[in-house]
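Per our numbering, residue 949 is the first one in the sequence shown, and the count goes up by one each step.
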Amino acid sequence: MRLPGPSARKLLRECFDADNDATQVDLSDRAAAIQHWSTIVGNIDGVRMSAYPFDRDSRSRTLCRFAIPDPHRSDSYYRGHEVRIEHDSDGFLSVRVPTGSSGSDARPLASLDQIEGFVRRVFEAYDRRFAKSRRREKVRGMKTRAMEAQVRKMAEEDGFEYSLRADQTKLSLVIELKSGQLIKLQIPFKNFNETLPEVRRIIADLGNLAAKGLKFSVMSRSRYWRR
């Protein structure tokens, strides 16, 4: 399961009432209990069961474990992302949910319906997060295209060649001066409009210096500064 800790804890509280009586399994036939819960949970749409040899050891408190893969992501799931159905020394069941940063919380498990409701709510949360991400990407794309249009207009007016690349937070602008020298500027999205006029002046100033035969480069202070 891939949800932020606060979201995971909220769903755990809402789907598993701490005041409900927990289901009890017969620990004298623990193997049958493992088979039963693995089978019925494995039939829930979207669930991917996991199996670890130690879970069948009598010292283990885990009856079964499963992942709830995000259909909008293709990366791998690890043990820390799994939901586990556990039992205590008397055979009463609980569900343990990962809550981020290698942590987890548990609540009493009263019925399979609770698991089904929890899985459904997790997928709904995945869909909301995906839709929100798509909206952010759409807005970012619109802003990026507007910025690119401003750079293109500036390049046409000032007569220089350029290459432009955008990531999540900034535009990387490579300018080719008439002297053939290249300069690279990284312009943060958050203050693009305020910075662009200054960038334009810098390009003009560097172009004038290059025309007089000056060559320049930007270097790391930690590498080239000597005390």
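We treat Cβ as the ideally placed atom computed from N, Cα and C, and that holds for glycine.
Rounded straight-line distance, which links the Cα of glutamine 1134 to that of arginine 1093: 16 angstroms
Buried or exposed by the 16-neighbour rule on C-beta atoms within 10 Å, applied to valine 1122: exposed
Delimiting residues of the beta strand (DSSP E) encompassing serine 1037: Per DSSP, serine 1037 belongs to no beta strand (DSSP E) and is neither H nor E.
Whole-number beta carbon distance between methionine 949 and valine 1045, since they are thought to touch under 8 angstroms: 7 angstroms
CB of threonine 1010 within 8 angstroms of CB of arginine 996, strictly: no
Glycine 1107 vs glycine 953 beta-carbon contact at 8 angstroms: no
Stretch-stretch touch, CB-based, cutoff 8 angstroms, three pairs: the region 1110–1119 with the region 1070–1083: no
Valine 1067, enclosing alpha helix (DSSP H) - first and last residue: 1060–1106
4-residue-minimum alpha helix (DSSP H) runs that sit fully inside the region 1097–1162, ordered along the chain: 1140–1159
8 angstroms Cβ cutoff met for alanine 981 and arginine 1055: no
C-alpha gap between serine 1050 and tyrosine 1025, whole angstroms: 13 angstroms
Beta-carbon separation (whole angstroms), serine 1006 vs arginine 978, contact threshold 8 angstroms: 7 angstroms
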